[in-house]
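**Q**
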Amino acid sequence: LGADLTSMLHSLGIPRDSKRHRVLDTFQSPWAETSRSEVEPTFFIPD
Amino acid sequence: TKTEKYHLVFTEWVKLLQRVDSDDKIIFVFIRQLIEKGVLAQSDSFVEFIKASLELSVLTFKESDPTGEVFTAIDALGKLLMKLFVYQDFNKYSRSEYMNIIFSVFLLVFAKDHENGEGSFNERPYFKLLSNILYEWSILRNHNFIKVSDSQTRKELANYDVDFYNTFASYLHSLQPFAFPGFSFAWISLISHRMFLPIVLRLPQHGGWEKLMLLIIDLFKFLDQYTIKGNISDAISVVYKGTIRIILGISNDVPDFLIENHYELMNNLPATYIQLKNVILSAIPLKMLVPSPYGVELDVDALESCEEPPMVFYDPVADIASLKKPVDNYLRIPSNSLLKTIMNGLLREDYELKSGIGYDTLTVNSKLVRAIVLHVVIEAGLENGRTSSNAVFNTKSSYYQLLFDLVHEGSIELKFQVIQVMIEQLRYPNIHTRWMIFVLKNMFTSEGWSDEKSTVQEIILRSIIERILVNKPHPWGLSVIFTQLLRSDKVKLLELDFIKRVPEIENIIKQL
Amino acid sequence: NNKAFQNPLFKNELEFWINTKKQLLQPYKEMPNKMVSQLESSLLNCPDSLDADSPYLYQIPLSLPHPTSIFFPNEPIRFVYPFDINTPVENNINNNDNSANAISDTENLNKKHYEDMYSRTSLAKIYTKFDLDTLFFIFYHYQGTYDQFLASRELSKNRDWKYNKVDYCWYYKEIEKLPPGANYNKDEEESWRYFDYKKSWLSRRCGNDFVYKEEDFEKL
């Protein structure tokens, strides 16, 4: 029967109603349990 | 020994990086000296140096206090490899060869440690090094390599970008869980790495899609192999959880990848993974607004989006092989002999063991069935665009006829396989979904089944219900057809024998 | 006897790599004990988000290192902002009625909240609460870091400051609405401010001779 994915979507930061935004660029790890800290995404600093 | 000398040089590098910024002039001088003083002059010495450095870094990790800095040497190695990538002259060999040498050395040192480690193998330093390489490259490539001052080098690096990711992906493919189970969780973390996955998904002209599909299929095959009914290990459950989370991320960010590759994904997805199947097939293009599938006034035929054919990255025609001619000929002019040829071609030479819901073996080539059904659907969609919907939304059309005949003439197993694959085509609003709703509804109410009407209806309904019963999401087209069947006056679901025979199902239908 | 196995560079390792190819061609139907324990060991050692984070290499220290409590960690903290604490934007969406929350956030409601891939990270959310002073401090003293990036993002996208790449100063355009009256030809007046990081560490008004030249400013 699968599982209720609400909490998984929530932990991914995927909203249901408000505007969609990218999640893979700040993806911490495939599992919520190993995603307890945020990771540094790509960023650009002009010279 | 030579190895000890390499260790000394590498240790100097590690220490240097702890004292100065990595863009400091001293760093450049150190690297130039590495080359000029012969440490890296020949490819042999280069290989030996990298090997020694990697082995030392891994050893340092294993011996470090786990509460302190364990990755100092690994971090330094990653930085060194990328500095060399940028600063070298590349007269003797190309950047591509350089990368292959590095990854090959990595692979061999890694393989020996994994197989021979006798319990001391730890995936983390290897993961860290690959993660660092991804990090270094993503910094370098930012804003089209604008930080690289030399314009010639900048051009070369920009040209190499797609190759970089495809090379990385190729080596990841070698590191897959079947080959190195001790690296499985690190591997899954790498294919979904924030500096790999979203970039590969968006490379120009889908340049990374083929290799990415290879990796995802590696994962699916691994899951398929070890998803044993009634006995799924905790480790495999965790792998599954990570997989569905990654696919959800892709569905959110780049749904087109799942949409255009759904065929290959379905070919390799374990048969009992219904929710994951739904997640993949529920993907909707980014800017599309989708009307509620439950709306009483929903008219699928009136939707503009339902005129559009979905993109397909991998043409199933390639998989139809020897049956392409009979199928295409049948679509031109249906005939019994062509049908017989096609049906014979769908039989396997030997049993395939396949863990399904209610079955454990297949005698029918399910992949070939999928290829043919999708091919017919694609052709129907094209015909709709070329001529008119009357040519295609017509139970007398050869497109409908072929699918009908396969279900009519086929064994129960073939009926089931064909219908399963047809129901996979119920996705977001598009011409394939719309046509498939037409086909399935007509098949459900058709009087042309002779004494098999009930069987066909049961299989159609079973295939729909097993996808609808699981937790969300559900593909739009699937919800549409089920809603229409529930509401239809023509179809009185509760009066069907096979529904009445199973009280649990009868109750569900009653409630819905 | 294959030549590859004679190569002294690889011969020790090659056989281990070759052996793994067997499993790719013909995977075990049931996991043998060795494989089970390897898989479990992999699960146990599973890399976490800290492992996947950017390598922590040398960073130029602040010019005046300040003592911190021994209880403060040396590594930067990357915690996860609790999702159930809404940002003012999310409060705005959820509280369309005149509830207490909406009223207390009036100050924040007037602030911009630029949306991009960084918006939902804890750090970016925290930076929306920083004073200008703090943002400038981070900008000038943590050069080349993600922190500097976030500070300039906050200054540029949410606070409307512009960065001058010639004098390395941040500038702000103030628009003052003039009261309707006979003495003025216009209904608003523009004046510019800049942040003086070199001397006074204050924001100062630009002189009347200041001319805004677009090409001098960084397009962020």
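Residue numbers (the numbering used here), protein chains in the order written: chain V, 1090 to 1136; chain D, 119 to 630; chain X, -18 to 201.
Even for Gly, the Cβ is constructed at its ideal location relative to N, Cα and C.
Remember, predicted model here, so these are calculated numbers, not experimental data.
1) Relative to chain V, which residues along the segment 295 to 321 of chain D have a C-beta separation below 7 Å, given in chain order?
2) I need the DSSP call for K93(X), collapsed to helix, strand or coil.
3) Could you compute how far the alpha carbon of F120(X) sits from the alpha carbon of D112(X)?
4) List, in chain order, every chain V residue whose beta-carbon is nearer than 7 Å to that of G348(D).
5) The segment 24 to 43 of chain X: which residues have C-beta closer than 8 Å to a C-beta of chain D, in chain order?
6) Grab me the residues of I627(D)'s own chain with a C-beta within less than 7 Å of its C-beta, minus the 5 sequence neighbours each way, in chain order.
7) For D336(D), is the classification buried or exposed, using 16 other Cβ atoms within 10 angstroms of its Cβ as the cut-off for buried?
8) Between which two residues does the alpha helix (DSSP H) containing L6(X) stretch?
9) Once you ignore the five residues that flank D78(X) on each side, which residues in its own chain have a CB closer than 6 Å to its CB?
10) Using CA atoms only, rank isn't needed, just tell me which of G196(D), L603(D) and F224(D) is closest to V414(D).
11) Quick one, which residues of the segment 223 to 234 of chain D are near chain X if we go by CB-CB under 7 Å, in chain order?
12) Pairing CB atoms from the segment 94 to 106 of chain X with CB atoms from the segment 128 to 139 of chain X, are three or more of them under 8 Å?
13) Leaving out five residues before and five after E96(X) in sequence, what residues of the same chain have Cβ atoms less than 6 Å from its Cβ?
14) Got a sec: is the Cβ-Cβ distance from S140(D) to anything in chain V below 8 Å?
15) For S202(X), does the three-state DSSP call read helix, strand or coil?
16) Which whole-angstrom value is the C-beta distance of F67(D) and F179(D), which I expect to be below 8 Å?
17) Any beta carbon of chain X sitting closer than 8 Å to that of Y216(D)?
18) Comparing the C-beta of R1111(V) with each C-beta of chain D, is any distance below 8 Å?
19) Please name the residues in the segment 187 to 198 of chain D whose beta-carbon is closer than 7 Å to at least one beta-carbon of chain V, in chain order.
20) Would Q191(X) pass as a contact of K146(X) if the rule is Cβ separation under 8 Å?
21) Can you check the segment 523 to 552 of chain D for any alpha helix (DSSP H) of at least 4 residues that lies completely inside it and give the ranges in chain order?
22) Please name the residue in L596(D), K359(D) and I317(D) whose C-alpha comes closest to that of I306(D).
23) E622(D): buried (16+ other C-beta within 10 angstroms of its C-beta) or exposed?
24) In terms of alpha-carbon separation, which member of V495(D), W255(D), F534(D) and L315(D) lies closest to R580(D)?
25) Alpha helix (DSSP H) containing L247(D): first to last residue?
26) F338(D) CB to nearest chain X CB: under 8 Å?
27) For the segment 308 to 392 of chain D, which segments carrying the alpha helix (DSSP H) assignment without a break, of at least 4 residues, lie completely within its bounds, in sequence order?
28) Which bits of chain X does I1134(V) rub up against, with CB to CB less than 7 Å?
29) What residue from Y9(X), N26(X) and A33(X) has the CA that sits closest to S1126(V)'s CA?
30) Just the Cα atoms here: how many angstroms apart are I66(X) and L31(X)?
31) Rounding to the nearest angstrom, what Cα-Cα distance links F117(X) and A229(D) in this structure?
32) Less than 8 Å between the beta carbons of I402(D) and Y546(D), yes or no?
33) For the alpha helix (DSSP H) that D162(D) lies in, which residues bound it at each end?
34) Since V482(D) sits in a beta bridge, which residues does DSSP pair it with?
35) Tell me the residue span of the beta strand (DSSP E) that contains K143(X).
36) Check whether the Cβ atoms of H311(D) and L252(D) sit closer than 8 Å, and answer yes or no.
**A** This is what the structure gives:
1) When C-beta distances to chain V are compared with 7 Å, the residues of the segment 295 to 321 of chain D below that value are I306, S307, S310, R312, M313, L315 and P316, in chain order.
2) Annotated three-state conformation of K93(X) is coil, per DSSP.
3) Straight through space, the alpha carbons of D112(X) and F120(X) are spaced by roughly 12 Å.
4) Going along chain V, no residue has its Cβ under 7 Å from G348(D), so there is no contact; the nearest lies around 16 Å.
5) Listed by position along the chain: L24, N26, C27, P28, D32, A33, S35, P36, Y37, L38, Y39, Q40 and I41.
6) Only L611, L612 and I617 meet the Cβ criterion.
7) buried
8) Run containing L6(X): K(-8) to L6, per the alpha helix (DSSP H) assignment.
9) In this predicted model, D78(X) has a pLDDT of only 44, less than 50, meaning its place in the structure is not dependable; the value taken from the coordinates is given anyway. Setting aside the 5 residues that flank it on each side, D78(X) has no residue in the same chain whose C-beta is closer than 6 Å to its C-beta.
10) L603(D)
11) L225, L226, V227, A229, K230, E233 and N234
12) yes
13) none
14) no
15) The first residue shown for chain X is -18 and the last is 201, placing residue 202(X) beyond what the model contains.
16) Residue 67(D) is absent from the model: chain D starts at 119 and stops at 630.
17) No, no contact with chain X.
18) yes
19) none
20) Here residue 191(X) turns out to be Phe, not Gln, going by the sequence shown. With a cutoff of 8 Å on beta-carbon distance, F191(X) and K146(X) are scored as not near each other.
21) 530 to 542
22) K359(D)
23) exposed
24) F534(D)
25) E241 to L258
26) no
27) Given a length threshold of 4 residues, each whole run of the alpha helix (DSSP H) inside the segment 308 to 392 of chain D is given here in chain order: 315 to 319, 327 to 344, 352 to 371, 373 to 378 and 380 to 386.
28) G125, Q129 and F130
29) If we check each option's Cα against that of S1126(V), A33(X) comes out closest.
30) No answer about I66(X) holds up, because its pLDDT of 46 lies below 50 and its placement is not dependable.
31) 49 Å
32) Yes; because the gap between Cβ atoms is below 8 Å, this pair is in contact.
33) S161 to E181
34) V482(D) is bridged to L465(D).
35) Boundaries of the beta strand (DSSP E) harbouring K143(X): W142 to Y144, taken from the DSSP string.
36) At a Cβ-Cβ threshold of 8 Å, H311(D) and L252(D) count as neighbours.
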